[in-house]
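Engineer: Shown below is the structure under consideration.
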Amino acid sequence: MTDASTPLIVGGDRGPQADSAPRPDADLLDGLNPPQREAVTYRGPALLIVAGAGSGKTRVLTHRIASLLRNREAWPSQILAITFTNKAAGEMRERVGQLVGESARGMWIATFHSACVRILRREAQQFGFTTAFTIYDSGDSRALIKRLVKEHEGDAYGLTPAAVQGKISKLKNELADAESYARQANMSDPAERVFTAIFGDYQRALQRANAFDFDDLIAQTVYLFRAFPHVADVYRRRFRHILVDEYQDTNHAQYALIHELTRPVSGASSAEPYSAGGMMIFEPEKAPELEGASLTVVGDSDQSIYAFRGADIRNISEFERDFPGARVVLLEQNYRSTQNILSAANAVISNNFDRKDKKLWTDVGAGEPIVGFTGYSQHDEAQFIADEIEKLHRAGVAYSDVAVFYRTNSQSRALEEIFIRSALPYKIMGGTKFYERAEIKDALAYLVSVANPADEMAVRRILNKPKRGIGDVTETAIARFAEDNQLTFRDALASSDALGVGPKVQAAIAHLDKVLAEATALMLPASGEITPPTAVAEGLTLLLQKSGYLDALRASRDPQDEARLENLDELVAVAREFARNNPDGTLIDFLTEVALVADAGDLDDASGSVSLMTMHTAKGLEFDTVFVTGVEEDLIPHRISAGEPGGPSEERRLFYVGVTRARKRLYLTLAMTRAQFGEVSVAMPSRFLQEIPAELIEWRQSPGDVNSRGGSGSRALNARRPGGGWGGRKDDPPALAPRSTSLDRFPNKIPAKVRDNSEMQLAAGDRIRHEDFGEGRIDAVTGEGAKRIAHVRFDSAGAKKLLIKIAPIEKL
DNA sequence: GGCGGTGGGCCCCTG
DNA sequence: GCCCACCGCC
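Here the first sequence stands for residues 1 to 812, where the numbers follow the UniProt record's numbering.
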C-alpha cells in the first residue's frame, strides 16, 4: 500500500535511506484503524486528513512524523509542523519526542507566528529591518493607530481606532498593503481617502520603529518570499515535509505562506551556500529542479470557528483543486467521547445545511446522560457547577480533569467569584493576559527601549512612567527636536539640555537617558563580550529600580499596586526561568517569547486546578468532565453573530467544538437571568438545546422548572427534581420568568466590597449562618492564613467548602 | 502637569 | 459594572 520508494526528493539532499524490512515504523501502526494507518503511511505530494473531533488527529500527525524519521525518509531538520496555538505546538513536540526521542529536537514544531518570527529574525536585514525588531501586539498597534486617527482627524469621517485597526488587520490577512489598497480604493469618498492615509502612515511608522504587528508576521514573510526568491529557496530546500494542523482555520495569508513554502525550487538562485539555522546548505553545482515539499494538512470544517478573523473555509474545501492528485483520508471514528455526547454533537451540527455529511461514532457505549441545569441567575448557575465539581472530586475525579467553558470572557467573573468562595482551585486559560497588564507592558517597554531604540512607541510609553513631570508638551518637544536633528526619539533623550525645558524636567530626562544607557551596557555589551545568561533578569531589575518604577508603586496607597509589584516580581522570575532554559538566550529572544506566549501560565501546566476558558480556547483540548455554561440565546449563538453572514452556523460549530471536548461527562448549564452591562436581563434557553434529542439530557433543573416554580428562594434550598421538564416540549417554548416574583430575592450579585474574616476563629463543631445557604455546622477547618477553608455541612444546602476570609458568614 | 470626578460606551472569539 | 476619555481645578 505504501510506496516508500516514491521519489519525494529529486536532488542532492535526499534523506537517509532505510535498508529493508521489517519497517522500523511498524510499531507506530499498532492500534491504529485503517484510515489512520493510511494517514500515517501515505507518501505523496499532498495529503488532506479530514479529522472529526476526537478522531485521533494528533496521534496520526505525530505518528506520521515519527514514521518519516524512523524510516529515514527525512532528517528532523527537514520537517516543519505548524499549529495555531502554543499549547498545540507544545503537545505535539512532547508526543513526537516520546516516539523518537532526541532526534525530535531539530524539527520546527511551531505556531504560524513563531515560525514566521524565526524566519524574519534571520532575514529582516534583507528588507529594511534589523534582527532586533519589536513585535507589536494588538494593544500596541491600537495605541499607534489611535494616535494616527487623531492626527488625521479620522473621527470627523466616522473612523474609530477600533474600526481602522480591524480593517487594516483584515486587509493584511488578504495580503493587501497600503499601496495596493490605495490603487483600488474609492478616492472620491473622503473617509476612504483618510483611511488610506492612516494605513500608509501606520505602515511607515512600523517600519521606522523597526516593528511588525501580528498580522505582519505572516504577511511580511509572504512578501519576503515573493520579493526574494533566493531567500524563499533556502526554506524550500530545507523543509521537505510540511504539516499543518487545524487547516480549516487558515486565512489567506497563511494559505499563501504554505503555498510559497511548498513551491518547487526554481534553481535560479546563486550558488552560494546559505546558512540556515546553523545548518549549512550547499547547493549542487548545477542546481537541478527540486520538487515542492510534501504537504500534509489536517482539518475539520465542522470545527471552523475563526471566520471572524479571516479564516477561509475554502482553503480546506478546495484543497483537492489547489493540489491536484491530493489524497484525502477521512477519520470518523471517535476515541474520545461517549455515544451520548457524540449523538448530541451530531444532532446539533446536522442543522448546518452547508456541510458534507459526516457522523462521528464510537464503540465505547452510551455512557452517562448529559446533565442539564438552569439557574435563577449566573451565580446560581455557578454555584451548581461548584457544588457538582466538589461532588465529583469527592468521588475521586481530579480537578485537572474538569473544565468549564463559556462564550465570552466576561462570563468568567461570576464563576470565579463563586469558585473563590467555594475554595475550589481553578485556573483561567487565556483571558486577561498576564502580558497585557499595564505594569507588565511598562516593564517590557523598558526592555524594548533598550533592545530596539528605534521603537518610538516603547520609549514614549515609559517617558513618564513613573511620573516624572514629563507631559504632552515635553513629549512633543522631544519629538520635534528628534526630527529637526535627524535623531531617533530615543537618542534625543541624550540632549535634554537642548530641548528648552525647565531644569526639573531636564534632569528627569537626563536621568532616564542614563538608566537606559546603563541597562544597554549590561544587556547588550559591545560585540565580542559575553553576557551572562542572567543579563536579562538583571537588566530588568536595574531598569525597574533605577527608573523609580518600583519605588513609585511601593509608595502608593492604592491596594492594587501591591498586586502590581507581585506581577513585576513574577516577570523577573519569568526572566530567570528563561535564562535557565535558554542559557544562550538574548534579550531579543526573551522579548520574542513574551510577545508570542500570551499567558505566563501557558508555560507551567495547570495541574490540580479546574480549567476555565472560552469555547474558542477549548479547541484542540479534551477533558473527562466538561461544563458548557451560559447556553442561552444571545450568548451562544451570540447576539452579534445573528447579523453576520455565516454567523449563526459558525456559532453552532463553536457549540459543537465545546460539546465534543468532553470524554465522559457533559453538563449544559444556563441561567434565567443574567447581568450584562451592569443590569439584569432575562435570558432565553439557546436554540441549540432544542436541537439535542430530549432523551439525551437529564435535567436536574430545567428552564420549565425554574419558571413554573417561580423560584421560592435559593436553588440550594430546593429539592432537586430529576428528569422531565422542558427538554422535549419543542413547540412550547419556555415562558419568560416574570421580573417580579422571588426571582429578585435570589442573590444576584456578590458584594463588591471584599469582606475580611481572616480574624474569625472557627473550629469543628461550631455553628455558623451563611447569607445564602442558611445555618450549618463546621466539620473541619483546613489551610492557613488567608487560605483557611471551612468544611461546612449546611442544614439544607448540603456540604460545602468555604474560603473563610471572604465567605458571607457569621458565627452563631 | 497632575489629580479627581463624571459620563459615555461597552462585551464576541486569537496569536 | 467597569474602563477610559475628557474636563475643570489646583
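Glycine included, every Cβ here is placed at the ideal spot set by N, Cα and C.
Every value quoted in this text rests on a predicted model; they were computed, and no experiment measured them.
Going by Cα to Cα distance, which pick from Val50, Ala219, Asn582 is closest to Glu318?
Structural biologist: Here the closest residue by C-alpha is Val50.
Engineer: Quick check on Ser641: does DSSP put it in helix, strand or coil?
Structural biologist: Of the three classes helix, strand and coil, the one that applies to Ser641 here is helix, per DSSP.
Engineer: Since Glu483 is in the alpha helix (DSSP H), which residue starts that stretch and which ends it?
Structural biologist: In the DSSP assignment, Glu483 falls within the unbroken alpha helix (DSSP H) covering 472-484.
Engineer: Give the DSSP bridge partners of Trp75, in chain order.
Structural biologist: BP columns for Trp75 are empty, so no partner.
Engineer: Mapping the DSSP letters down to three states, classify Val792 as helix, strand or coil.
Structural biologist: Residue state for Val792 is assigned as strand, using DSSP reduced to three classes.
Engineer: Would you mind stating whether Asp213 and Ser141 have Cβ atoms separated by less than 7 Å?
Structural biologist: Yes.
Engineer: DSSP three-state call for Lys172: helix, strand or coil?
Structural biologist: helix
Engineer: Do you know offhand how far Phe133's Cα is from Glu123's?
Structural biologist: One alpha carbon belongs to Phe133, the other to Glu123, and they sit about 11 Å apart.
Engineer: Only counting the same chain, and skipping five residues up and downstream in sequence, which positions put a Cβ closer than 8 Å to that of His113?
Structural biologist: Phe214, Leu217, Ile218, Leu596
Engineer: According to DSSP, simplified to helix, strand and coil, what is Leu159?
Structural biologist: It is coil, neither helix nor strand.
Engineer: Taking all protein chains shown into account, do 16 or more other C-beta atoms lie within 10 angstroms of the C-beta of Phe623, making it buried, or fewer, making it exposed?
Structural biologist: buried
Engineer: By a C-beta neighbour count over all protein chains shown, 10 Å radius and 16 as the cutoff for buried, is Asn346 buried or exposed?
Structural biologist: buried
Engineer: Evaluate the contact criterion for the region 697-708 versus the region 362-371: three or more CB pairs, one atom per stretch, below 8 Å.
Structural biologist: yes
Engineer: Between Ser138 and Ala110, what straight-line distance do the alpha-carbon atoms span, to the nearest angstrom?
Structural biologist: 21 Å
Engineer: Using 7 Å as the threshold, is the C-beta distance between Tyr247 and Gly325 below it?
Structural biologist: no
Engineer: Just mark Ile640 as buried or exposed, buried being the case when its beta carbon has 16 or more other beta carbons within 10 Å.
Structural biologist: exposed
Engineer: Would you identify the three-state DSSP class for Arg576, choosing helix, strand or coil?
Structural biologist: Three-state result, Arg576: helix.
Engineer: Hey, could you find the ends of the alpha helix (DSSP H) Ser311 is sitting in?
Structural biologist: Correcting the residue identity first, residue 311 is Ala in this sequence and not Ser. Taken as a continuous stretch (DSSP letters only), Ala311 belongs to no alpha helix (DSSP H), as it is neither H nor E.
Engineer: Report buried or exposed for Val473, applying the criterion of at least 16 other Cβ atoms within 10 angstroms of its Cβ.
Structural biologist: exposed
Engineer: Would the region 681-689 and the region 334-341 be scored as touching if the rule is three or more Cβ pairs under 8 Å?
Structural biologist: In the pairwise beta carbon analysis, the region 681-689 is classified as not touching the region 334-341: fewer than three pairs are separated by under 8 Å.
Engineer: Who does Pro229 pair with in a DSSP beta bridge?
Structural biologist: Partner(s): none; Pro229 has no beta bridge.
Engineer: Exposed or buried, Pro35, counting other C-beta atoms within 10 Å across all chains shown (16 or more means buried)?
Structural biologist: buried
Engineer: By the 10 Å Cβ neighbour count, where 16 or more other Cβ atoms means buried, how is Thr673 classified, buried or exposed?
Structural biologist: Burial state of Thr673 is buried, judged by a 10 Å Cβ sphere holding 16 or more other Cβ atoms.
Engineer: Tell me the rounded alpha-carbon separation between Arg461 and Val402.
Structural biologist: 41 Å
Engineer: Exposed or buried, Lys514, counting other C-beta atoms within 10 Å across all chains shown (16 or more means buried)?
Structural biologist: With fewer than 16 other Cβ atoms within 10 Å, it is exposed.
Engineer: When you compare only the Cα positions, how much space is there between Arg793 and Arg777?
Structural biologist: If you take the alpha carbons of Arg793 and Arg777, they lie about 5 Å apart.
Engineer: From the DSSP output, which residues share a beta bridge with Ser294?
Structural biologist: His241
Engineer: Quick one: what does DSSP say Glu771 is sitting in, helix, strand or coil?
Structural biologist: coil
Engineer: Could you pull out every unbroken beta strand (DSSP E) segment of at least 3 residues lying fully inside the region 613-693, listed in chain order?
Structural biologist: As far as the region 613-693 is concerned, its whole beta strand (DSSP E) runs of at least 3 residues are 623-628, 662-671, 673-676, 679-682.
Engineer: Cα separation between Ser67 and Leu29?
Structural biologist: 9 Å
Engineer: Return helix, strand or coil for Asn251, following the three-state DSSP convention.
Structural biologist: strand
Engineer: Shortest alpha-carbon distance to Ala521 belongs to which of Ser169, Val536, Pro648?
Structural biologist: Val536
Engineer: Within the same chain, show all residues whose beta-carbon is closer than 8 Å to that of Asp27, passing over the 5 residues directly before and after it, in chain order.
Structural biologist: none
Engineer: Where DSSP assigns a beta bridge to Gly776, which residues make up the other side?
Structural biologist: Ile768, Phe794
Engineer: With a threshold of 16 other CB atoms inside 10 Å of the CB of Ser188, please say whether the residue is buried or exposed.
Structural biologist: exposed
Engineer: Is Arg37 helix, strand or coil by DSSP?
Structural biologist: helix
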